[in-house]
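Please read the structure below before turning to the comments.
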Amino acid sequence: MPSWEDFKPFIITGLALGSVYAMSGVGMVVLYRATGVLNLAFGAVGAMGALIAWQLINHNGWAEGPAFVICVLFGGAVTLLYGALFGPPLSGRDPLIKAVATLGLALILLGIMSWVWSDKARSMILPSSNHGFEVSDVFVNYTQVIALGFGIVITIVTGLFLRFTNLGTAMRALANDREITATLGVPVRRVEAAAWLGSGLLAGASGLLLSNLVGLDATTLTFLVISSLAATLIGRLRSIPGTFLAAMGIGLVNALITPILSISQYRDMTPFVLATIALFLLSGRRGNALTGRAG
Amino acid sequence: MSATAETTAPEAPTTAKGGGGGRSWVPKLTAGERVRALIILGLLAIVLFLLPAILSGYWINVSTDTAIYSVVALGLGVLMGRTGLVSLGQIAVLALAGWVAARLCFATSLPFPVILLLSGLITMVIGTLIGLPALRLQGLYLALITLMLAGAIGVALRTTNFPNGGAGFLGHTESDRGNGTIRRPALAHADTAFFRYTVIVVAIMFLIALLHVRAKPGRAWAAIRQSEPAALAGGVNITLYKLWAFALASFLTGVAGGLLAARSGQLFTLQFPTQDSILLLAAVLMGGIYSFWGAIVAGALMRLLPALLDNWGLPADLLTILFGVGVLQVLLTAPQGIVYQFPRDMARLGRLIGGLFTRARGAPARERAG
Amino acid sequence: MRKHLGSRRTRSVLGLLLLAVGLSIVVTACGSSNKSSTSASTGATGGGGSSTQQAAAADVTKCGQKPGVKASGTPIKLGAIVTKQPGTDFTDGATMAQAYFNCVNDNGGINGHPIKYKYYEEQTDPAQIAGFAHKLIQSDKVVGVVGGFSIIECAVDHKYWESLGIYELDAGIAPECWGTSNSAPPNMGPRYSSDGAVQGVIRAGAKKIAFDQSNVPGTGYIQAGPTAVAKSLNVPIESFKDNVPIQDANSIALKLVQAAGTDGGVVLNFTPPEALKILQAAQQQNLQDRVKAWACSTPCNTDFVAKALGQQWDGKLLVNAELNVTDNNGPQTNLYRAVFDKYGSKVTGGLGSFSQMGFTMAQQVVTALESIKGDTYDLKTVNTAIKNLKGWKTDMLCKPWYYGSAPLHIPNNTDFTTTPHNGKMVIKDGCIPISAADPGIAQVRGIEQKDPSLTQAGAPVAGT
Chain E
1185 MPSWEDFKPF
1195 IITGLALGSV
1205 YAMSGVGMVV
1215 LYRATGVLNL
1225 AFGAVGAMGA
1235 LIAWQLINHN
1245 GWAEGPAFVI
1255 CVLFGGAVTL
1265 LYGALFGPPL
1275 SGRDPLIKAV
1285 ATLGLALILL
1295 GIMSWVWSDK
1305 ARSMILPSSN
1315 HGFEVSDVFV
1325 NYTQVIALGF
1335 GIVITIVTGL
1345 FLRFTNLGTA
1355 MRALANDREI
1365 TATLGVPVRR
1375 VEAAAWLGSG
1385 LLAGASGLLL
1395 SNLVGLDATT
1405 LTFLVISSLA
1415 ATLIGRLRSI
1425 PGTFLAAMGI
1435 GLVNALITPI
1445 LSISQYRDMT
1455 PFVLATIALF
1465 LLSGRRGNAL
1475 TGRAG
Chain D
84 MSATAETTAP
94 EAPTTAKGGG
104 GGRSWVPKLT
114 AGERVRALII
124 LGLLAIVLFL
134 LPAILSGYWI
144 NVSTDTAIYS
154 VVALGLGVLM
164 GRTGLVSLGQ
174 IAVLALAGWV
184 AARLCFATSL
194 PFPVILLLSG
204 LITMVIGTLI
214 GLPALRLQGL
224 YLALITLMLA
234 GAIGVALRTT
244 NFPNGGAGFL
254 GHTESDRGNG
264 TIRRPALAHA
274 DTAFFRYTVI
284 VVAIMFLIAL
294 LHVRAKPGRA
304 WAAIRQSEPA
314 ALAGGVNITL
324 YKLWAFALAS
334 FLTGVAGGLL
344 AARSGQLFTL
354 QFPTQDSILL
364 LAAVLMGGIY
374 SFWGAIVAGA
384 LMRLLPALLD
394 NWGLPADLLT
404 ILFGVGVLQV
414 LLTAPQGIVY
424 QFPRDMARLG
434 RLIGGLFTRA
444 RGAPARERAG
Chain X
7 MRKHLGSRRT
17 RSVLGLLLLA
27 VGLSIVVTAC
37 GSSNKSSTSA
47 STGATGGGGS
57 STQQAAAADV
67 TKCGQKPGVK
77 ASGTPIKLGA
87 IVTKQPGTDF
97 TDGATMAQAY
107 FNCVNDNGGI
117 NGHPIKYKYY
127 EEQTDPAQIA
137 GFAHKLIQSD
147 KVVGVVGGFS
157 IIECAVDHKY
167 WESLGIYELD
177 AGIAPECWGT
187 SNSAPPNMGP
197 RYSSDGAVQG
207 VIRAGAKKIA
217 FDQSNVPGTG
227 YIQAGPTAVA
237 KSLNVPIESF
247 KDNVPIQDAN
257 SIALKLVQAA
267 GTDGGVVLNF
277 TPPEALKILQ
287 AAQQQNLQDR
297 VKAWACSTPC
307 NTDFVAKALG
317 QQWDGKLLVN
327 AELNVTDNNG
337 PQTNLYRAVF
347 DKYGSKVTGG
357 LGSFSQMGFT
367 MAQQVVTALE
377 SIKGDTYDLK
387 TVNTAIKNLK
397 GWKTDMLCKP
407 WYYGSAPLHI
417 PNNTDFTTTP
427 HNGKMVIKDG
437 CIPISAADPG
447 IAQVRGIEQK
457 DPSLTQAGAP
467 VAGT
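Chains as they are written, first to last, in this note's numbering: chain E, 1185 to 1479; chain D, 84 to 453; chain X, 7 to 470.
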């Protein structure tokens, strides 16, 4: 059994991994709370934004700043476009159908990325990655701090936004029942558009940070959402702080298992095992609470 | 056979008489159904005897693959179309089934059909055990939990690797020379013979599924899919029939896994990527979750289409994009899939063309039948 | 109800079209990545001064024996099988071979015959691979198998090739690519390349080794090499495996650094994108100076990696290079670059070991074909000629290459060590033989000693 000294540095990497999961997890839950759609293409959108930024920097000679802005805007644009075209027709359907539809978007984006940018070694390092500070013998770079901070800020801001602002309340009502919300005089199209755009910008920003923290690789970034889904499931697709904490927990457990050589090989199972346990525990107590309705 | 299944699938069962004992298992065929059955037997004969004669070795292997994956699609169709339970982890179950079959092949010298049956049954048990706790979950949560379980199985398999003739429970050895080959049935060793063997087994699987659908389980599933509370009120044992659906789907996938193991000779985790579970879902949606022909279409989409694209020199990524577009299209406009929609589209096209001709002859424009 | 459906359909179709159009505008606005990668790589090497000027001016017509004459006879058909799937893209070998064949066809072909090349992309599915092998022989009627590069193809097909008397020229990965009589690769593969990497870190002073590789088929076989080499040099070694694609590179880098210790070395055997993740994670956690040395097997030997890593790794990362660097100004390398510039638009990985191997194999088969007397190019004549290749000297390899009749083939068993410098890979250590502590290497050295003509430079190869 490894010593405490061996475990210590993995706490930092665990927090870093946790914030990676938290970004996608919180991003997906936010959209779910606002539109009732679990956007499984979250990772793919971010990945494509990051690759476009990479292309602009490395082949079209753009400066980094504008390219990063394009990445974020791309995320917003694609998600908004998807939401505008496919949101309304699917709005009355089961959340499962809406989620599966986003899988369609993910496949399209994945196919395009694979085609245009085949699997090569690429990297796009943010300026913040080259500077950092030491925390008890482990070096923490500023990108990791930004990622963690980003996760925390998003959690707090969106939580407050959905709870206390008019637009936020409108979004939650929308996710719950679109028809009734429309009859109440809420401008559904505009509210929806705002939700999609916001979530898309989040996806783009996450893609930028994740390409730095995980790697600029289309397939990895697209399927990273599966591990993040574990966190959203533990948060019961409802609680944003819950999702955040679950993601951090998953990241920590995953990293802390690394030095335990006997099970280290299985640590990639962590998100799935934790989600399964949590879900069965929660569903046992709540019975029918885990039915379709969002919001 | 499938057309009847199609038309009854979307509505609540009208003859849910709670079963007439053993007799409900032996279907009585009407005249129309008898004709359909004969057509299907005819098609089967063509596939068994004509195809091997005209296709080259490579395409025989592709066809074998298509047949195997159509059984997997059938399993998913039973879950999704018949019972309304979405599973995003069928490929992981397929990998598990392949593992079981490979292990049995190396550890025992049982005849191949027995191994197929055993891998089907063992996978069925595992699938049911997995389904047990998932019963209380619905819709999106169920789908996500199957994705989680699939992820876990995937990681476990990647770490333990597939059996390849080694010793111990895991049966995997890292020796640098020739690993064992998973054996094929004694009767059907060559590719063409194995293709025929596969088609026959696949036909039997479809028959098993059909018998289920037309009998009590099928009616119970339809009731559950329509509305759980109503089914419960109608006296349907929801837990039992949901488990039965999981069991059947897992059994089918189990047998498919055995066939896949024998066809490949060696199994690698890279053959069962996470992406494939999602592609399978897309394929089944496009093929049509309510119909058995849809399962065959789904199998073709999974295995025949990539081979065709490769043959025409088009990139495999095009397939991913097409699947994505297909999913969106199906969910928006044709929930019953290509198999349902295609004949109607063709009929509409036919009427359109016919209308042009009548108009050309000066007759008054026919009312748009679309 | 129907009207509603109709408008839905129209809207969905329009929507999809819009999405497709929008995305394709974005993509085309960014320019074709293939063309740009060519200019980027030549641009990146432009800083080399006069040597690169000379390199670019190599005469492309040296491919064939009749400069400028387009070949137009009956084609000689060759084929290959390569792996292409998420996380693994080995198509560069085949696309570069195709480029060379195009050059040859534009300059006289083989005695007037053009070479027709066909390769299949597989996804590590044994039955798919076996199917492609049959298809190459039965449908495509190839007479030689050249330019393949696959994780398991050698294992799946070697008996089939043996039964047909085919001597495969492939870039190897599976153990069977070296351990059977019908395959001889230009590279030394993950095991022997990792041996070389281990030797490199030990030369740099490492007293303990942490060896990590991707969890793909064959890890036991690969691991055995470094273990034997480290043992023979009395250096303790700890071996790890990690699933790819890697999601948590930070923990992996940390684990390896901990295992190696301050006096140790970390040796990686991954494809470039994955190795890059680990190296960057190490850099971002400021771990790169925590161990004595870092090393990588051959896949890292590409300018893509040098550029992506940045200057912190200059001189610090030792890459065991099975092939010489791409700007060494030797005749074959110059020809390689010239062919790449003119015909290599489909080589997405740019200049690097994968395309170098494809080029080398293409040159090898052309040498073999040109040695055939008479005008018959069938399975027998072509494969006999391939088998008889020996003393084949190229500036890309340390020693002259050979095939010959033997139960195993490791003709490339002496190699370079490179290191990143200013965005390119440069040579650090010259040709150093791989340790004979690895049993395969010992066996092959025995074969070379028995027949010295195998490794003595023979007739000059195209480009010289």
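The beta carbon of each residue, even a glycine, is placed where N, CA and C say it ideally should be.
(request) Determine, using beta carbons only, whether residue 359 of chain X and residue 353 of chain X come nearer to each other than 8 Å. (result) The criterion of a C-beta distance shorter than 8 Å is not satisfied by residue 359 of chain X and residue 353 of chain X.
(message) Buried or exposed for residue 264 of chain X, going by 16 or more other Cβ atoms inside 10 Å?
(response) Taking every protein chain shown into account, the CB of residue 264 of chain X has 16 or more other CB atoms within 10 angstroms, so this residue is buried.
(request) Starting from residue 244 of chain X, trace the beta strand (DSSP E) both ways and give me its first and last residue. (result) Segment 243-248, the beta strand (DSSP E) holding residue 244 of chain X.
(request) Note down, in chain order, each residue of its chain lying with its Cβ closer than 6 Å to the Cβ of residue 242 of chain X, except the 5 sequence neighbours on either side. (result) Cβ within range, chain order: 214.
(message) For residue 1272 of chain E, report the span of its alpha helix (DSSP H) as first-last.
(response) Its alpha helix (DSSP H) spans residues 1248-1274.
(request) Identify every run of the beta strand (DSSP E) within the stretch 1316-1349 of chain E, keeping only runs that are complete inside it and at least 3 residues long; order them along the chain. (result) The qualifying runs are 1316-1319 and 1322-1325.
(message) Looking at chain E, is there any beta carbon in it that lies within less than 8 Å of the beta carbon of residue 359 of chain D?
(response) Interface with chain E (8 Å Cβ-Cβ cutoff): residue 359 of chain D is excluded.
(request) Output the distance between the C-alpha atoms of residue 1451 of chain E and residue 119 of chain D, rounded to the nearest integer angstrom. (result) Taking the straight line from one Cα to the other gives about 53 Å.
(message) If we require 4 or more residues per run, which alpha helix (DSSP H) segments fall completely within the stretch 120-203 of chain X?
(response) Runs of the alpha helix (DSSP H) inside the stretch 120-203 of chain X: 132-144, 159-170 and 182-185.
(request) Give the straight-line distance between the Cα atoms of residue 1215 of chain E and residue 323 of chain X, rounded to the nearest whole angstrom. (result) CA-CA distance, residue 1215 of chain E to residue 323 of chain X, rounds to 44 Å.
(request) Report the neighbours of residue 226 of chain D on chain E: residues whose CB is nearer than 9 Å to its CB, in chain order. (result) Residues of chain E passing the Cβ test: 1280, 1283 and 1284.
(request) Pull up the distance between the alpha-carbon of residue 133 of chain X and that of residue 149 of chain D, whole angstroms please. (result) About 13 Å.
(request) Please name the residue or residues paired with residue 217 of chain X in a DSSP beta bridge. (result) In DSSP, residue 217 of chain X forms a bridge with X:245 and X:273.
(message) If you reduce the DSSP assignment to three classes, tell me which class residue 91 of chain X lands in.
(response) In this structure, residue 91 of chain X counts as strand in the three-state DSSP scheme.
(request) Could you name each continuous beta strand (DSSP E) segment of 3 residues or more that falls completely within the stretch 423-461 of chain X, going from the start of the chain to the end? (result) Qualifying beta strand (DSSP E) stretches, in chain order: 430-439.
(message) On the DSSP bridge list, what partners appear for residue 327 of chain X?
(response) Answer by DSSP bridge pairing, in chain order: X:422.
(request) For the stretch 198-216 of chain D and the stretch 337-352 of chain D, state whether three or more C-beta atom pairs, one from each stretch, are separated by less than 8 Å. (result) Between the stretch 198-216 of chain D and the stretch 337-352 of chain D, the count of C-beta pairs closer than 8 Å reaches three or more; the two stretches touch.
(request) Run down chain D in chain order and give the residues with a C-beta less than 8 Å from the C-beta of residue 1239 of chain E. (result) None at all; the shortest Cβ gap to chain D is about 17 Å.
(request) Taking only the alpha-carbon atoms, compute the straight-line gap between residue 86 of chain D and residue 307 of chain X and give it to the nearest angstrom. (result) Its pLDDT being 39, under 50, residue 86 of chain D is placed unreliably in this model, and the coordinates cannot settle the point.
(request) Report the residues of the stretch 348-363 of chain X with a CB closer than 9 Å to any CB of chain E, ordered along the chain. (result) If the cut-off is 9 Å between Cβ atoms, the stretch 348-363 of chain X has 354, 355 and 356 near chain E.
(request) Check distances from the C-beta atoms of the stretch 128-160 of chain X to those of chain D and list, in chain order, the residues that come in under 8 Å. (result) For the stretch 128-160 of chain X, the residues whose beta carbon sits under 8 Å from a beta carbon of chain D are, in order, 129, 130, 131, 132, 133, 134, 136, 137, 138, 140, 141, 144, 145, 157 and 158.
(message) I want to verify the contact list: residues of chain B whose CB lies under 7 Å from the CB of residue 223 of chain X, in sequence order.
(response) Absence of chain B from the displayed structure is noted, the protein chains being E, D and X.
(message) Could you check whether residue 246 of chain D and residue 329 of chain D sit closer than 8 Å to each other, using their CB atoms as the reference points?
(response) Cβ distance not < 8 Å, so residue 329 of chain D and residue 246 of chain D don't count as in contact.
(message) So for residue 358 of chain X, helix, strand or coil by DSSP?
(response) It is a strand residue.
(request) Excluding the 5 residues preceding and the 5 following residue 60 of chain X in the sequence, name in chain order all residues of the same chain whose CB lies nearer than 6 Å to its CB. (result) Model confidence at residue 60 of chain X stands at a pLDDT of 44, short of 50, so the residue's coordinates are unreliable and nothing is read from them.
(request) Return the first residue and the last residue of the beta strand (DSSP E) that residue 300 of chain X is part of. (result) 299-302 is the extent of the beta strand (DSSP E) around residue 300 of chain X.
(message) Counting only beta-carbon separations shorter than 8 Å, does residue 340 of chain X have a partner in chain D?
(response) No, residue 340 of chain X lies away from the interface with chain D (no Cβ there is under 8 Å from its Cβ).
(request) Return the CA-CA distance between residue 1312 of chain E and residue 1235 of chain E, expressed in angstroms with no decimal places. (result) Residue 1312 of chain E and residue 1235 of chain E have their C-alpha atoms roughly 19 Å apart.
(request) Compute the distance between the beta-carbons of residue 1427 of chain E and residue 1256 of chain E, then report whether it is under 8 Å. (result) No, Cβ-Cβ distance for residue 1427 of chain E and residue 1256 of chain E is not below 8 Å.
(message) Alpha carbons only, please: which of D:302, D:441, D:333 and D:332 is nearest the one belonging to residue 319 of chain D?
(response) Comparing Cα-Cα distances from residue 319 of chain D to each of D:302, D:441, D:333 and D:332, the minimum goes to D:302.
(request) Measure the C-alpha to C-alpha separation of residue 271 of chain X and residue 375 of chain X and round it to an integer number of angstroms. (result) Their Cα atoms are separated by approximately 45 Å.
(request) Could you tell me whether the Cβ of residue 1427 of chain E comes closer than 8 Å to any Cβ of chain X? (result) With its beta carbon at least 8 Å from every one in chain X, residue 1427 of chain E lies outside the interface.
(request) Measure the alpha-carbon distance for residue 1299 of chain E versus residue 197 of chain D and round it to whole angstroms. (result) For residue 1299 of chain E and residue 197 of chain D, the gap between their C-alpha atoms comes out near 44 Å.
(request) Mind checking the stretch 236-248 of chain X against chain E and listing, in chain order, the residues whose C-beta falls within less than 9 Å of any C-beta there? (result) Within the stretch 236-248 of chain X, the residues whose Cβ lies closer than 9 Å to some Cβ of chain E are 246, 247 and 248, listed in chain order.
(message) Just verifying my parser: in three-state terms, what is the DSSP assignment at residue 1305 of chain E?
(response) When DSSP states are grouped into helix, strand and coil, residue 1305 of chain E belongs to the coil group.
(message) Taking beta-carbon pairs under 8 Å, can you tell me which members of the stretch 393-408 of chain D lie near chain X?
(response) The stretch 393-408 of chain D vs chain X, Cβ under 8 Å: 393, 399 and 408.
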